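Engineer:
Protein chains: 2
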Amino acid sequence: MSAPRLIGLDWGTSSLRAYLLGGNGTILEARSADSGIMRVESGGFAQALDAACADWLAAHPALPLLLAGMIGSKQGWLEAPYCACPADARVISQSLVRLQLGDTRSTHIVPGLSTTGVSGVPDVMRGEETQIIGALPATGSHLAVLPGTHSKWAWVENGTVRGFASFMTGEVYAALTGHTILGRMMRADAPHDGAAFARGVAYGREAPEALLSRMFSARTLGLFGQLGQAALPSYLSGLLIGSEIGAAMRMTPHAGTVTILGNPNLTQRYTEAFALAGIPTQAGTADCAALGLWRIALAAGLIGVD
Amino acid sequence: MSAPRLIGLDWGTSSLRAYLLGGNGTILEARSADSGIMRVESGGFAQALDAACADWLAAHPALPLLLAGMIGSKQGWLEAPYCACPADARVISQSLVRLQLGDTRSTHIVPGLSTTGVSGVPDVMRGEETQIIGALPATGSHLAVLPGTHSKWAWVENGTVRGFASFMTGEVYAALTGHTILGRMMRADAPHDGAAFARGVAYGREAPEALLSRMFSARTLGLFGQLGQAALPSYLSGLLIGSEIGAAMRMTPHAGTVTILGNPNLTQRYTEAFALAGIPTQAGTADCAALGLWRIALAAGLIGVD
Numbered sequence: 001m002s003a004p005r006l007i008g009l010d011w012g013t014s015s016l017r018a019y020l021l022g023g024n025g026t027i028l029e030a031r032s033a034d035s036g037i038m039r040v041e042s043g044g045f046a047q048a049l050d051a052a053c054a055d056w057l058a059a060h061p062a063l064p065l066l067l068a069g070m071i072g073s074k075q076g077w078l079e080a081p082y083c084a085c086p087a088d089a090r091v092i093s094q095s096l097v098r099l100q101l102g103d104t105r106s107t108h109i110v111p112g113l114s115t116t117g118v119s120g121v122p123d124v125m126r127g128e129e130t131q132i133i134g135a136l137p138a139t140g141s142h143l144a145v146l147p148g149t150h151s152k153w154a155w156v157e158n159g160t161v162r163g164f165a166s167f168m169t170g171e172v173y174a175a176l177t178g179h180t181i182l183g184r185m186m187r188a189d190a191p192h193d194g195a196a197f198a199r200g201v202a203y204g205r206e207a208p209e210a211l212l213s214r215m216f217s218a219r220t221l222g223l224f225g226q227l228g229q230a231a232l233p234s235y236l237s238g239l240l241i242g243s244e245i246g247a248a249m250r251m252t253p254h255a256g257t258v259t260i261l262g263n264p265n266l267t268q269r270y271t272e273a274f275a276l277a278g279i280p281t282q283a284g285t286a287d288c289a290a291l292g293l294w295r296i297a298l299a300a301g302l303i304g305v306d
Numbered sequence: 001m002s003a004p005r006l007i008g009l010d011w012g013t014s015s016l017r018a019y020l021l022g023g024n025g026t027i028l029e030a031r032s033a034d035s036g037i038m039r040v041e042s043g044g045f046a047q048a049l050d051a052a053c054a055d056w057l058a059a060h061p062a063l064p065l066l067l068a069g070m071i072g073s074k075q076g077w078l079e080a081p082y083c084a085c086p087a088d089a090r091v092i093s094q095s096l097v098r099l100q101l102g103d104t105r106s107t108h109i110v111p112g113l114s115t116t117g118v119s120g121v122p123d124v125m126r127g128e129e130t131q132i133i134g135a136l137p138a139t140g141s142h143l144a145v146l147p148g149t150h151s152k153w154a155w156v157e158n159g160t161v162r163g164f165a166s167f168m169t170g171e172v173y174a175a176l177t178g179h180t181i182l183g184r185m186m187r188a189d190a191p192h193d194g195a196a197f198a199r200g201v202a203y204g205r206e207a208p209e210a211l212l213s214r215m216f217s218a219r220t221l222g223l224f225g226q227l228g229q230a231a232l233p234s235y236l237s238g239l240l241i242g243s244e245i246g247a248a249m250r251m252t253p254h255a256g257t258v259t260i261l262g263n264p265n266l267t268q269r270y271t272e273a274f275a276l277a278g279i280p281t282q283a284g285t286a287d288c289a290a291l292g293l294w295r296i297a298l299a300a301g302l303i304g305v306d
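Taken in sequence, the protein lines are chains U and G.
Counting along the first sequence from 1, when you hit position 63 you're at 63 in the working numbering, and nothing is skipped either side.
Counting along the second sequence from 1, when you hit position 140 you're at 140 in the working numbering, and nothing is skipped either side.
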């Protein structure tokens with residue numbers, strides 16, 4: 001086992017994942033905790049850090065520490081202002097924010113990214129930039145999707161995030177099923193229904209501009225007995241994901257393989273949806289944030305080249 | 001004052017409106033009550049009818065009675081199955097459902113309409129068909145929008161509803177502001193902000209296919225200080241209405257004046273949004289349901305021609 005070189009944390013809204021990294025960003029040890037920033041009292045971040053990895057900190061007092069994700073937001077430990085696209089690991093590393101921890105130790109926090117789309121409207125991500133930096137090779141043109149509450153689609157060239165777009169797919173799904181008439185006919189705990197999901201994907205992708213209208217089909221197909229209560233959640237999920245894919249693919253000239261960076265469940269759903277659309281995909285590695293932290297720390301000079 | 005000829009009720013989910021109609025559908029008297037079907041216990045509809053117009057029923061024991069709206073839904077008094085488009089007043093009148101009220105009186109209930117769009121997916125309306133029949137002339141080609149919780153867009157030719165599409169605009173607005181991150185930065189009770197609304201309309205209408213993405217701007221424009229908390233509700237409202245208009249106008253070859261049938265507040269918002277898009281509009285009369293009830297009753301032979 002190589003010597004520890006970096007302690008890195010991907011610290012999100014609802015949970016965190018901590019990595020003890022060796023040479024080349026090899027994961028020596030990884031841990032999860034549910035102390036996401038929304039679950040930690042303001043002022044309690046140092047304690048949450050200790051709870052996650054006091055043993056690592058004690059055993060390796062000189063090891064650099066790097067945090068990414070919502071921990072750098074206004075609601076986090078210390079705000080790391082967004083870094084504007086285009087941005088690669090080097091550009092990001094120049095905007096790290098330093099935080100003193102007691103007398104002898106400090107940490108750095110990775111900023112999120114901002115981009116300005118058409119019409120001058122800004123978009124932001126925080127945490128995903130580190131996954132992207134870790135997942136994609138330093139050369140070539142890539143399209144990555146990070147599905148979730150707020151999906152992010154990022155256009156990456158030679159390791160540089162050129163631009164990206166957020167889609168509120170996951171949160172809209174939760175709001176529609178939980179707080180509109182569409183949820184009333186659904187059996188919320190139903191298992192995934194592949195056929196209903198596929199039907200939703202096709203209908204959503206065909207005309208994403210009509211989403212506000214087509215989502216009503218998650219009621220009428222139930223009313224007319226074409227889809228049962230257990231099929232409707234998968235159908236609506238497919239409809240939203242299909243709309244997302246249909247819209248996002250129009251925003252990009254990218255014609256190659258799409259890289260999916262998500263949890264296993266979402267990666268599976270998006271892989272199915274892309275396959276229905278005839279778009280080739282590959283799944284990123286589960287812990288790409290670890291390699292992203294490593295690459296950003298390296299670019300920042302926090303650790304030396306091996 | 002002409003003699004009463006018909007008692008008609010537009011009986012919706014949250015409220016009802018009752019009309020005493022004279023010759024040519026002239027409104028002799030009109031009343032509102034908040035005894036919509038969701039506020040009436042099952043089995044309490046006869047009592048709610050009496051509460052609304054027992055005096056009319058007693059004074060005119062032979063007068064025909066016609067009910068339209070959600071009162072004919074599964075959750076209403078008696079289900080009046082949907083009538084398939086294309087449908088005019090005559091087709092609708094052939095599908096009225098009759099309900100006996102005590103020994104000496106009956107009422108008829110107007111069915112909703114169904115249509116089958118592309119991909120074989122059904123859509124439905126209930127209550128709006130009566131407003132459309134009342135609002136539009138018997139000749140010419142018309143496009144009508146009935147904004148609301150579920151907006152309806154209807155294509156009408158020579159008094160016949162050829163087809164229509166629902167848009168969940170109002171309910172999605174409520175779900176997004178009440179149950180997603182977008183609502184957190186908003187001052188919910190803020191007055192209408194015309195400039196923010198117009199900005200939202202333009203951004204939504206420009207690319208309705210990107211709605212799932214563009215709605216996130218109601219967060220980022222707040223984050224970046226471009227729109228204040230008081231402006232964001234109007235902005236999001238405009239974004240959704242702009243997306244609706246952009247999508248709906250692509251579904252129809254209609255190039256003339258659009259008829260808006262809604263409450264004064266929504267009519268005003270949609271009029272603003274259409275004006276920004278350079279689309280001419282006219283507002284329908286407030287009580288078009290009354291004339292719709294009259295025309296359907298006439299077509300059904302419930303009342304004789306004057």
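All residues carry an ideal CB built from backbone N, CA and C; glycine is no exception.
From a predicted model like this one, the values you see are computed outputs, not experimental measurements.
In whole angstroms, give me the CA-to-CA distance for residue 40/U and residue 241/G.
Structural biologist: 38 Å
Engineer: Quick one: which unbroken alpha helix (DSSP H) runs of 4-plus residues sit fully inside the region 219-299 of chain U? Chain order, please.
Structural biologist: 232-251, 264-276 and 288-299
Engineer: Given that a residue counts as buried once 16 or more other Cβ atoms are within 10 Å of its Cβ, and exposed if not, what is residue 237/G?
Structural biologist: buried
Engineer: Give the DSSP-derived three-state secondary structure of residue 131/G in the structure shown.
Structural biologist: helix
Engineer: Note down, in chain order, all residues in the region 231-264 of chain G with a beta-carbon under 8 Å from any beta-carbon belonging to chain A.
Structural biologist: Going by chain labels, chain A is absent from the structure shown, which instead holds the protein chains U and G.
Engineer: List, in chain order, every chain U residue whose beta-carbon is nearer than 7 Å to that of residue 224/G.
Structural biologist: 122
Engineer: For residue 100/G, does the three-state DSSP call read helix, strand or coil?
Structural biologist: strand
Engineer: Could you check the C-alpha separation between residue 22/G and residue 290/G for me, to the nearest Å?
Structural biologist: 11 Å
Engineer: Output, in sequence order along the chain, the residues in the region 89-113 of chain G whose CB is closer than 7 Å to any CB in chain U.
Structural biologist: none
Engineer: Hey, would you say residue 145/U sits closer than 8 Å to residue 258/U, going by beta carbons?
Structural biologist: yes
Engineer: Please confirm if residue 161/U has its CB atom under 8 Å from at least one CB of chain G.
Structural biologist: Look at residue 161/U: its C-beta is not under 8 Å from any C-beta on chain G.
Engineer: Is the distance from the Cβ of residue 96/U to the Cβ of residue 294/U below 8 Å?
Structural biologist: No, Cβ-Cβ distance for residue 96/U and residue 294/U is not below 8 Å.
Engineer: Could you tell me which of 76/U, 102/U and 126/U sits nearest to residue 85/U, measuring between CA atoms?
Structural biologist: 126/U
Engineer: Between which two residues does the alpha helix (DSSP H) harbouring residue 45/U extend?
Structural biologist: Note, residue 45/U: alpha helix (DSSP H), 45-59.
Engineer: What's the call for residue 12/G, buried or exposed, on a 16-neighbour Cβ count within 10 Å?
Structural biologist: buried
Engineer: Hey, quick one: how far does the beta strand (DSSP E) through residue 171/G stretch, first residue to last?
Structural biologist: It is not in any beta strand (DSSP E) - residue 171/G instead sits in the alpha helix (DSSP H) that spans 169-179.
Engineer: So that I know if they touch, is there some Cβ in chain U lying closer than 8 Å to that of residue 136/G?
Structural biologist: Not a single C-beta of chain U is nearer than 8 Å to the C-beta of residue 136/G.
Engineer: Measure how close the beta-carbons of residue 65/U and residue 107/U come, nearest whole angstrom, since I'm counting them as under 8 Å.
Structural biologist: 4 Å
Engineer: Where do the N-terminal and C-terminal ends of the alpha helix (DSSP H) with residue 211/U fall, by residue?
Structural biologist: Taken as a continuous stretch (DSSP letters only), the alpha helix (DSSP H) holding residue 211/U covers 211-214.
Engineer: Taking the beta strand (DSSP E) that residue 8/G falls in, what are its first and last residues?
Structural biologist: 6-11
Engineer: Measuring alpha carbon to alpha carbon, tell me which of 119/G, 111/G and 10/G ends up nearest residue 32/G.
Structural biologist: 10/G
Engineer: In this structure, does DSSP put residue 70/G in helix, strand or coil?
Structural biologist: helix
Engineer: Candidates 178/U, 25/U, 260/U and 3/U: which alpha carbon is nearest residue 297/U's?
Structural biologist: 25/U
Engineer: Taking 6 Å as the limit between beta carbons, can you name the residues of its chain near residue 136/U, skipping five residues before and five after?
Structural biologist: 142 and 156
Engineer: What does a CB cutoff of less than 7 Å around residue 181/U pick up in its chain, not counting 5 residues either side in sequence?
Structural biologist: 219
Engineer: Consult DSSP for residue 303/G and reduce its assignment to one of helix, strand or coil.
Structural biologist: coil
Engineer: Leaving out five residues on either side along the sequence, give the residues of the same chain with a beta carbon under 6 Å from the beta carbon of residue 83/G.
Structural biologist: By the criterion of a C-beta distance shorter than 6 Å, residue 83/G is surrounded in its chain by 92, 95, 111 and 113, once the five residues flanking it on both sides are discounted.
Engineer: Verify the CB distance criterion: does residue 71/U have a CB-CB separation below 8 Å to chain G?
Structural biologist: no
Engineer: Tell me which residues share the same chain as residue 116/U and place their Cβ nearer than 7 Å to its Cβ, disregarding the 5 neighbours each side in the sequence.
Structural biologist: Result list for residue 116/U: 122, in chain order.
Engineer: DSSP has residue 27/U in a bridge; who is on the other side?
Structural biologist: Paired residue(s): 21/U.
Engineer: Taking all protein chains shown into account, do 16 or more other C-beta atoms lie within 10 angstroms of the C-beta of residue 147/G, making it buried, or fewer, making it exposed?
Structural biologist: buried
Engineer: Tell me the rounded alpha-carbon separation between residue 160/G and residue 87/G.
Structural biologist: 5 Å
Engineer: Quick one: residues in its chain with C-beta nearer than 6 Å to the C-beta of residue 176/U, no 5 flanking neighbours on either side, listed in chain order?
Structural biologist: So the qualifying residues of the chain are 182.
Engineer: Buried or exposed for residue 118/G, please, with buried defined as at least 16 other CB atoms from any protein chain shown within 10 angstroms of its CB.
Structural biologist: Note on residue 118/G: under 16 other CB atoms within 10 angstroms of its CB, so exposed under the neighbour-count rule.
Engineer: Give, in chain order, every residue of the region 206-224 of chain G whose Cβ lies closer than 9 Å to some Cβ of chain U.
Structural biologist: Along the region 206-224 of chain G, going in chain order, the ones with a CB nearer than 9 Å to a CB of chain U are 206, 207, 208, 209, 210, 211, 212, 213, 214, 215, 216, 217, 219, 220, 221, 223 and 224.
Engineer: Report yes if the CB atom of residue 52/G is closer than 8 Å to the CB atom of residue 16/G, and no otherwise.
Structural biologist: yes
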